Each structure stands twice: as C-alpha cells, then as structure tokens.
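Protein chains in written order, with the numbering used here: chain P, 0 to 162; chain L, 716 to 1145.
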Amino acid sequence: MNAASVTRTDIEDFLFEEAALLDEWRLDEWLDLLTEDAGYFVPSNDAPDSDHRNALFTIADDIHRIRARVKRLKDTEAHAEFPHSRTRRMIANVRILERDADEISVSANFTVYRYKRGAPLRMYVGRYRYRLKATSDGLRIAERRAILDPTELGPLGAVSFIL
Amino acid sequence: MPDTVTQTPYIVDDPENMTFRLNRRTLADPDVFEREREAVFEQSWIYCGHESEIREPGDFATRNVCGRPVIFCRDSKGDIRVFLNACQHRAAQVCREPCGNTRRYNCFYHGWSYDRDGKLVGVPGEDSYPPGFDKNEFALAEPPQVDSYAGFWFVSFNPAAAPLEDYLAGAKEYIDLIVDQSPTRSMEVVQGTQEYDIRANWKLLVENSFDDYHLLTTHKTWLDYMKDSGVTVEPPAGQGLLLPSKGIGKGLGNGHAVIDNINFRGRPVARWISIYGEEAKPEIETIRKELIGRLGEERAARVADTNRNLVIFPNLVINDGSSVTIRAFWPVAVDQMRVTAWALGPVEESASARARRLDSFLTFYGPGGFATPDDVEALESVQAGLATWKEAQWSVMSRGMNKEGEQLNTDEEHLRAFWREWNRLMMAAL
C-alpha cells in the first residue's frame, strides 16, 4: 500500500472499522491495527495541544502500556469497566491533513456516547488526530490522539474505556 | 432547628471497647451536607493554589474555593493575593478566564475596572454618583485570611481561624519531605489539570486517598501491570496478603493524617524501578547523589525511599509516591464532588526526569490511569449503597484498635483521625 494513493474514503473505511472494533470490545483485533511503536494520547482538557513529556495528560500510552491497558480492560477486576460500558462512536469530518511517502496525518471529529447501568449518559465530544502508516497489510495506526472539547472532564468522570 | 444528632451520634468512638463506628448519614444525609459547609469548610484553612501557578506581577488563576469564585494572583509588586471575584458594583465576575496575565480586572457589565492590587480605578460616568462617592471604598474584597506554607497557599473564611502553621500541625513535616525533593526547595505545578466529578460524597475520597486496605482487591489489575513490568511486588511477611510492608498510618493533629510506606513502586526522586527503563538509571542515581549531598544519607533515604499519602483537613490530598499529585476536591452535593488534580515536580528537573515523572503519574493516577477509575467506581458503588443509611446505619472503622502504639497503613487510625476532627467541628457548631 502506498500513502500517495490512499483516499479519504479508504481512511473513513479504516476509521469506521476501528470504531466498530472498539464499540464491540474486540480489543485484541484493535491491537492488530496498531504499529509496533504506536502511541495513544488523551491530553488534559485545559492543555489540548500540549506535549505529554512536559504536560500532565489524561492518557499517554506507548505500545507497552496500550497492550497493558487492553489486558486490564479484559480483566473482570478492572472494576470501572466491568460490566463494560456500552459505547457508540460517531466519526465525521474526516480530513487528510498531510502525507508523505508512507505516512498520512488525519483529523476527524468524534462523538462517543457511553452508557452504564445506573449512570447518566456521558457524551465525549472532540477530535481525533491520527498518524497512519501505509503498510503492505493496509493502514496501521502509529499515533492516535483523542482531544476532548469540554473545558474539563467534569461529569464525564473517568476515561476508563478506550476513547 | 431540631437535630437528632444527640440521639444518633455521627461517630461512636470507644477505644476501651475497641469500637469505632461511623454513622452513614454523615455521607448520605442532605441535612448533614448543608451543615458541614458552615461547620467544616467555613472554619478551616482551605487550599487555594500553588505559588508556581502564578509567577509574574499580573499573573492570575481563577478558582472556586468554598463556593466562592476567587482570583489567585500576583499584585503589582509580585506579592500573592486572593481577591473575591465579584465586582463591587453588582457582583459580576471581574475575571472570567481560567488563567493569564492582566493589567486590569475589568467588569464588562457596567465597565468598572480594578488594577492588579484590586483597587477600583475606572468607573464610567463616575460624575453621576452623589458627592462623597469614593473609589477607595470599592477595592475588590479579599478573604479574611490568606497564608502559605512552603509554596502552598490557603485561605480561610474564618477570621478567627488559628494561624496556618498552627493549623497544619504535623502535616508540615510531610510537606517538608515534598519540597526537599528540589535542590532549592522550589516545586512547580506542571501544565495540565485533571478535573473530574465523582458521584460520591467528598469524604469518601478523603478515606480512599490513604486507605491501603483496599489496594489488593480494588487495584488487582494495577498490581498485575506492575508485576508484568518487572516490578517486585512482594507480600510482606507476617501481615497476610496486604501491601506494602511495614507502612504506618497516623493522625497528624487537627484532622490531618498520613500513611507512610516503604517504597516499592519507584520514585522519580529517587528510586529506580524497571518501568523507568535501564537508560533512566544513571540520572536517578545522580538525583539521589544530589539528595544525599544536600540532606545527608538519612534524610535522603527518608525522602527517596518512602511514599506518603497526606490528607490536609478537610479536602486536600498530596500523594507523594510514584509521582507527586496535589488533589483538591469540592462538595457539589451530598452525593457528588468535583476533583481537581495537578502534578508537582522540582523546578530544576531535567526534561527527561520530568517526562518520567509524568509517565509515572499516569500509570496509577488520574481519570485515565490504571487505578483511579477503579477508585471512582468503588466510591460511586459505596454512595449507591449508602441509600440504605436509614436501615443499615453504621460503618465499622476499628482496624488496629486492639494494638498498642504504631498502626499500619492498612489499619484505620488515620481515617479515624480525620473523622474525629470532622465530628468535633460538627458538634461544636450545634
């Protein structure tokens, strides 16, 4: 696969597939979409454009911690997510921002609805920034950044699932 | 107003019979919640901010403290001040940004403006006020008491509150252990704030913040992560399966309390664990050498080899462990709180050490960490269960009461210390 030939539709298909895997809690299959050095970031709400090396984030995982996060989330003793939240992701306004030989920078808007028995509906709204690699196996995620719009998490509480 | 507390006390504290019980209405009854605003929060010293958040004249950060919007700021001389964020004309807020630097605090409603010292300097159409109108009488109001210890700034809305240093009592020793991590005793709040709600009574987070009894059951997945990462997590001999070993819990006076543990989970200053990576070893060794050179072997070990979870009564927690986190939390309703958490580090810290500190913070703490979300879940589960408070009235809190002397981190003496002071204030206000 060549980054130069990737279309916005290809990227939308990929992001929709990823969203389905996460909503269905098929987390091992989701891990297969990541590169061996992937990162997953959720910046603090009051520092959305900062760097995790000098600012406190909500989540700043390298690939090891992403895998550890998945392992944890599959454990019934990850109490915050057992039983699992039900989530539904809406991905929209997908844009290709930049591309070079093998990498594509993508922006997309998201709304993630999260439901738990006995808890109020929580609606996570923001934008994704992806760095996608074009590989022989298709697109792969090198970096995934979920930047929330709310000025504080407030009633959203914890980000205990994969946003 | 009739009060039934004399019939059903908030706590039953009976050391002779080794009994301590907590009346669950203290966590679930809206009447108690209303009363504690006055009896506890209005009487105490309440955390407002850290000196590093505002550095230059005109720097400000807006906060809500005890239900009041305040401006935590530096005046024209660079001194730290706290102004009540309400125009003297009609009470509109004169600063509506989270933080920044300003020459003037401007009320957009009718255009009154105040300088960095809180002095009223601009009144549009001033000549329509009757003779005798004097701008000097309309400076921004300030809380009755504002004071600091080691860079941590507090306010009290009680003009008669004891001086801050007396109030902090034994907690000062533990704040000193934090600031000693900096070669110049200068710590700074790192950019990025975690602000999240928990649908539970605020006092449950006091308990949770230094309750080591829950570690093995609530945080099994975090302990698994530590083990998977090559960190040695050993059950202590002779203490059953509770971790960590030989930690102690104790009251520090005035409701403040601490758990003080042997470190097993690494410290940016300065104890290496495998999660940091081999490449971090030399830098942590250098940090440790600086500590020893400055503080001596014994004090350096005290700083670098123990973890301290400190509760400063009533609503401030400083957890000094795998990272340093300041956590203040505010009652919103009897069953809801707003938590604000910051990361704190030495100002001298290198870029790599700072990155390590922040990474280390996130493995356990915060709304996306491997542990805090499960704490949140636990507290919300407690609050749901507390709806039974009229039938199932008491929580038992007597761990360790059969022991003379030192109490373990997994005992509950430090929890009792908090509750005794809370109860004293509530009873004093009857």
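Even glycine gets a Cβ: it sits at the ideal position worked out from N, Cα and C.
These figures come from a predicted structure and were not determined experimentally.
query	result
Going straight from the alpha carbon of leucine 967/L to that of leucine 30/P, what length do you get?	48 Å
Please list the residues of the region 846–866 of chain L that have a C-beta atom closer than 9 Å to any C-beta atom in chain P, keeping them in chain order.	none
Using the C-alpha atoms, what's the distance from glutamate 16/P back to glycine 137/P?	13 Å
On the DSSP letters alone, give me the boundaries of the beta strand (DSSP E) that threonine 57/P sits inside.	56–60
Methionine 1052/L and isoleucine 913/L look like a contact to me (Cβ under 8 Å); what is the Cβ gap, rounded to whole Å?	5 Å
Should histidine 63/P go down as buried or exposed, given a rule of 16 or more other Cβ atoms within 10 Å for buried?	exposed
Taking only three categories from DSSP, how would you classify threonine 947/L?	coil
Does the separation of the CB atoms of alanine 107/P and alanine 91/P fall below 8 Å?	yes
Output yes or no for whether 8 Å exceeds the beta carbon distance between glutamate 1136/L and methionine 1112/L.	no
Within this structure, are the beta carbons of tyrosine 864/L and leucine 879/L separated by less than 8 Å?	yes
Any C-beta of chain A within less than 9 Å: which residues of the region 1070–1099 of chain L qualify?	No chain A is part of this structure, whose protein chains are labelled P and L.
Looking at alanine 1056/L: is its Cβ nearer than 8 Å to the Cβ of arginine 1042/L?	yes
On the premise that alanine 79/P lies in contact with aspartate 830/L, defined as a C-beta separation below 8 Å, what is that separation, rounded to the nearest angstrom?	Contact doesn't hold; Cβ gap of about 48 Å is too wide.
Bridge partners for threonine 134/P per DSSP, in chain order?	Gly137/P
Buried or exposed, going by whether 16 or more other CB atoms sit within 10 Å of the CB of lysine 115/P?	buried
Can you pull the chain L residues whose beta carbon is under 7 Å from the beta carbon of alanine 67/P, in chain order?	Tyr940 and Asp943
Could you work out which residues of chain P lie near threonine 908/L, taking near to mean beta carbons separated by less than 9 Å?	Ser43, Asn44, Asp45, Ala46, Leu55 and Glu151
Within its chain, find whatever has a CB closer than 8 Å to the CB of alanine 54/P; leave out the 5 residues flanking it on each side and keep chain order.	Pro42, Ser43 and Ala46
Would you say valine 905/L reaches chain P, if we count a Cβ-Cβ gap shorter than 8 Å as a contact?	yes
Measuring only the C-alpha atoms, how far is lysine 70/P from aspartate 36/P?	17 Å
Just the C-alpha distance for proline 154/P and arginine 121/P, rounded to the nearest angstrom, thanks.	8 Å
Between glutamate 76/P and chain L, is there a C-beta pair that is closer than 8 Å?	yes
Among all the DSSP beta bridges, which residues are the ones paired with tryptophan 868/L?	Gly764/L and Ser863/L
Just checking: is the beta-carbon of arginine 121/P within a distance shorter than 8 Å of some beta-carbon in chain L?	no
For serine 159/P, return the contacting residues in chain L, with the cut-off set at a CB-CB distance below 7 Å.	Pro1088
DSSP on aspartate 774/L, reduced to helix/strand/coil?	strand
Restricting to Cα atoms, I'd like to know which of Ser104/P, Leu162/P and Arg68/P is closest to phenylalanine 1085/L.	Arg68/P
Can you give me the Cβ contacts of isoleucine 58/P inside the same chain, cut-off strictly under 7 Å, excluding the 5 residues immediately before and after it?	Tyr39, Phe40, Val41 and Val158
Any beta carbon from chain L within less than 8 Å of proline 82/P's own beta carbon?	no
Cutting at 6 Å between CB atoms, please list the residues of its own chain near arginine 1023/L, excluding the five before and the five after it.	Tyr889, Val973, Asp975 and Asp1035
Which same chain residues end up closer than 8 Å to threonine 150/P when comparing Cβ atoms and leaving out the 5 residues on each side of it in sequence?	Asn44 and Asp45
Buried or exposed: asparagine 779/L, going by 16 or more other Cβ atoms within 10 Å of its Cβ?	exposed
Within this structure, are the beta carbons of tryptophan 1109/L and leucine 855/L separated by less than 8 Å?	no
With a 10 Å radius around its C-beta and 16 neighbouring C-beta atoms as the bar for buried, classify glutamate 731/L as buried or exposed.	exposed
For glutamine 1122/L, I'd like the list of residues in its chain whose CB is within less than 7 Å of its CB, leaving aside the five on either flank, ordered along the chain.	Ile963, Gly964, Lys965, Gly1115 and Glu1128
Is the CB-CB distance between glutamate 1063/L and proline 898/L below 8 Å?	yes
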